[in-house]
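First the structure, in the form of structure tokens, and then the observations on it.
Residue numbers (the working numbering), protein chains in the order written: chain A, 37 to 121; chain B, 22 to 121.
In structure tokens, the structure reads:
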């Protein structure tokens with residue numbers, strides 16, 4: 037490991053220690069209203085977050101198509117420019 | 022019931038591990054895995070606060086993050102396949118064609 041790697045590791049370790057200490061000092065209050073959430077309450081997925089849900093379906097389809105097109109064997113185009121093979 | 026501080030401590034630890042990996046690793050696949058670790062740390066925080074506040078929005082957001090991470094890793098792996106075909110390896114220090 038080179039010198040900058042040690043610095044990065046040290047920065048991350050210091051960050052983790054600082055946040056852990058901050059979490060230990062600050063105590064979270066216990067909420068008063070203890071009520072359980074049910075799986076049926078997840079139906080907000082189809083009411084409150086309906087637009088995001090539909091957009092997510094389009095995103096997943098586009099990502100699938102893009103991944104297939106990217107990973108397809110293509111013998112003409114090279115990322116370095118010019119033709120290969 | 023486990024206190025929320027433990028979840029948050031685990032979340033920051035996972036995020037630190039992922040951040041360290043992204044900054045130090047040279048293999049693109051390892052960097053992608055570390056990004057996934059960071060996303061899962063965020064998911065853990067979302068779900069912990071969702072349980073703590075008795076509000077299901079956090080769990081729905083975690084599900085959205087999982088789906089977006091799946092799309093991201095699919096496209097990322099396709100790009101890695103392309104890079105390994107054109108360059109021969111996936112060392113990130115050799116991918117400097119777009120560097121100005």
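For glycine and all other residues, C-beta sits at the position ideal for the given N, C-alpha and C.
Fair warning: this is a prediction, and the values are worked out from it, not measured in the lab.
Cβ neighbours of residue i in the same chain (closer than 7 Å, five flanking residues each side left out)
i	result
residue 38/A	none
residue 63/B	86
residue 22/B	none
residue 90/B	57 and 60
residue 73/B	25
residue 46/A	none
Cβ-based burial, residue i [other Cβ within 10 Å; buried from 16]
i	result
residue 156/B	Any property of residue 156/B remains undetermined from this structure, which presents chain B solely from 22 to 121.
residue 67/B	buried
residue 114/B	exposed
residue 79/A	exposed
residue 83/B	buried
residue 48/A	buried
residue 101/B	buried
residue 82/A	exposed
residue 81/B	buried
residue 76/A	exposed
residue 58/A	exposed
Contacts around residue i, its chain only, beta-carbon distance under 8 Å, and the 5 residues preceding and following it disregarded
i	result
residue 78/B	71
residue 108/B	115 and 116
residue 37/B	none
residue 44/A	none
residue 65/B	28, 31, 32 and 35
Residue i Cβ short of 7 Å to the ligand FAD heavy atom set
i	result
residue 103/B	With respect to the ligand FAD, the structure offers nothing, as it holds no ligand at all.
Residues of its chain near residue i, where Cβ-Cβ distance is below 6 Å and the 5 sequence neighbours each way are ignored
i	result
residue 112/B	47
residue 108/A	none
residue 49/B	101, 111 and 113
residue 84/A	none
residue 69/B	25 and 28
One or two residues paired with residue i in a DSSP bridge
i	result
residue 112/B	48/B
May I ask you to verify whether the stretch 35-54 of chain B touches the stretch 87-101 of chain A, counting CB pairs closer than 8 Å and requiring at least 3? With the rule of 3 Cβ pairs closer than 8 Å, the stretch 35-54 of chain B does not count as touching the stretch 87-101 of chain A.
With contact counted as at least three CB pairs below 8 Å, one residue from each stretch, are the stretch 44-55 of chain A and the stretch 49-68 of chain B in contact? Look at the beta carbons and you see the stretch 44-55 of chain A not touching the stretch 49-68 of chain B: under three pairs across the two are nearer than 8 Å.
Whether or not the stretch 103-110 of chain A and the stretch 93-100 of chain B are in contact is what I'm after, with contact meaning three or more pairs of Cβ atoms, one per stretch, closer than 8 Å; do they touch? Flag = yes, the stretch 93-100 of chain B and the stretch 103-110 of chain A touch.
Sequence ranges, alpha helix (DSSP H) only - wholly within the stretch 44-101 of chain B, length at least 4: The stretch 44-101 of chain B contains these whole alpha helix (DSSP H) runs: 49-74.
Pair every Cβ in the stretch 79-96 of chain A with every Cβ in the stretch 28-37 of chain B, then say whether three or more of these pairs are closer than 8 Å. Verdict: no, contact absent.
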